[in-house]
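Asks:
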Amino acid sequence: MTTTEPNLDVFQQHRGLLFGAAYRLLGSAADAEDVVQEAWLRFAEVPLEEVREPRAYLLRTVTNLALNQIRTQQRRREEYVGPWLPEPVSSPPGTTASPAPDEAAVLADDVSLAMLVVLEQLSPLERAAYILGEVFGYPAPEIASTLDRSPAAVRQLMSRARAHVASRQARNQVDPALHRRITEQFLRAASTGVVEPLLGLLAPDVVLTSDGGGQKSAALRPILGVEKVLRFLLGVTSKPDTPVQLHVAEVNGLPALVAVDADGAVDTVASFRIDGGLVREIYLVRNPDKLRRVRV
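Below is the structure:
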């Protein structure tokens, strides 16, 4: 056994949890993988007997690496074409064939695209405090040590983050069966080009945000209101960039509409935020760099 094998065994036990934390912080599976890999390179050099609580040590390392990565992301987004949306994935981050008990909170927690959008609206420190406290159950003093802030400052960060998340979350828990029915109705509308049946599904102030990253056609600004959203959807479905097949598939833990081109590559993912039985927000991810982890 080499000197790094015990470290690797410990690291693998927590890898899913670490990826889940980095993904929530960054909204990007690719960036999260980079952060987890960097965390491993650092952990491999640490004498294992000096680490009293590997889970806390690794989570602290990943959090700080992710916060540094956010600064890099912010610079990239200054040059990004159009709105930026999180990167969708076909299953909850951190999923394994037989998840370890330590990953239970990661797998059970909401990783929907809508939730990731909400987290993106927090400051990096608010986001980190919220994820460490609400998802992983760390008390304020431990979060303070990770973020190099006082416990009082961390409590303020968490309070602001909770208030923002609560104001944006659905008032009632979405029924997965309802979510699937609404997604299937969007599939029928997209397949036939008849969007009028969607009128009763859309909230009057529905917002559609599309992310093409400058590589695929997309609206450069969010589209607000039923009439404008339907007009945009009608234009997209009547004049697609390329012929596609439409499917309903689970993305980030909820049914989503997935378009696949003739070569089998995912062309578009459409996800919905449903509140009160109505679609409040539609997220269209078209940037091909963000669709590599979506499967049908």
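For what it's worth, the UniProt record's numbering labels the leading residue of the sequence shown as 1, then goes sequentially. Cβ coordinates follow ideal geometry from the N, Cα and C atoms, glycine included.
Buried or exposed: which applies to Asn68, given that a residue is buried once 16 or more other Cβ atoms fall within 10 Å of its Cβ?
Replies: So Asn68 ends up on the exposed side.
Asks: Given this structure, state the Cα-to-Cα distance separating Ala249 from Val285, to the nearest angstrom.
Replies: Rounded to the nearest angstrom, the two C-alpha atoms are 14 Å apart.
Asks: Closest by CA to Leu246, which one among Gly214, Gly225, Arg295, Arg221?
Replies: Checking every option, the nearest Cα to that of Leu246 belongs to Arg295.
Asks: Counting only runs that start and end within the UniProt domain "RNA polymerase sigma-70 region 2" (11 to 76), where is the alpha helix (DSSP H) found for 4 or more residues in a row?
Replies: Runs found: 29 to 43.
Asks: Closest to Glu38 by CA distance: which of Arg60, Glu50, Pro139, Arg24 is it?
Replies: Ranking Arg60, Glu50, Pro139, Arg24 by Cα distance to Glu38 puts Arg60 first.
Asks: Any contact between the region 161 to 168 and the region 184 to 202? By contact I mean 3 or more CB pairs, one from each, below 8 Å.
Replies: At 8 Å Cβ cutoff, the stretches do not touch.
Asks: Which residues bound the alpha helix (DSSP H) around Leu132?
Replies: That residue, Leu132, is in no alpha helix (DSSP H); it is neither H nor E in DSSP.
Asks: Compute the Euclidean distance between the alpha carbons of Ala128 and Pro88, then round it to the nearest angstrom.
Replies: Ala128 and Pro88: Cα-Cα distance of roughly 20 Å.
Asks: When the distance is taken between beta carbons, is Leu8 closer than 8 Å to Ala66?
Replies: Not a contact, by the Cβ cut-off of 8 Å.
Asks: Could you tell me which residues DSSP pairs with Glu281 in its beta bridges?
Replies: For Glu281, which the question treats as bridged, DSSP gives the partners Val207, Arg273.
Asks: Tell me, to the nearest whole angstrom, how far the beta carbon of Val260 is from that of Val236; I am working on the premise that it is less than 8 Å.
Replies: Not a contact, Cβ separation roughly 15 Å.
Asks: For a quick check, are the C-beta atoms of Thr146 and Thr72 less than 8 Å apart?
Replies: It is not a contact, given that the beta carbons lie outside the stated cut-off.
Asks: Is Lys290 helix, strand or coil by DSSP?
Replies: Residue state, collapsed to three classes: helix.
Asks: Please name the residue in Leu18, Trp84, Val35 whose C-alpha comes closest to that of Arg221.
Replies: Per the Cα distances, Trp84.
Asks: Consult DSSP for Val248 and reduce its assignment to one of helix, strand or coil.
Replies: It is a strand residue.
Asks: Assuming Ala161 and Glu120 form a contact by the criterion Cβ under 8 Å, report the distance between their Cβ atoms to the nearest whole angstrom.
Replies: Ala161 to Glu120, Cβ: 12 Å. No contact.
Asks: Comparing C-alpha positions only, which one of Arg76, Trp40, Arg273 sits nearest to Ile182?
Replies: It is Arg273 whose Cα lies nearest to the Cα of Ile182.
Asks: Given this structure, state the Cα-to-Cα distance separating Val195 from Leu233, to the nearest angstrom.
Replies: About 8 Å.
Asks: Answer yes or no: do Gln215 and Pro151 have a C-beta to C-beta separation smaller than 8 Å?
Replies: In this structure, Pro151 does not lie closer than 8 Å to Gln215 by Cβ.
Asks: Under DSSP, the alpha helix (DSSP H) around Leu187 begins and ends at which residues?
Replies: Its alpha helix (DSSP H) spans residues 176 to 192.
Asks: Apart from the five residues just before and just after Pro101, which ones in its own chain have a Cβ nearer than 6 Å to its Cβ?
Replies: At Pro101, the pLDDT of 40 sits below 50, so the modelled position is not reliable; the number obtained from the coordinates is stated separately. Closer than 6 Å at the Cβ level, and outside the excluded window around Pro101, lies no residue.
Asks: For Val10 and Leu48, which I take to be in contact (beta-carbon distance under 8 Å), what is that distance rounded to the nearest angstrom?
Replies: The Cβ separation is near 7 Å, so the contact holds.
Asks: Using a threshold of 8 Å, state whether the C-beta atoms of residue 337 and Leu199 are closer than that.
Replies: For residue 337 there is no data in the structure shown, the boundaries of the chain being 1 and 296.
Asks: Can you tell me which of Glu134, Arg149, Arg231 puts its alpha carbon nearest to the alpha carbon of Val111?
Replies: Checked all of Glu134, Arg149, Arg231; the closest Cα to Val111 is Glu134.
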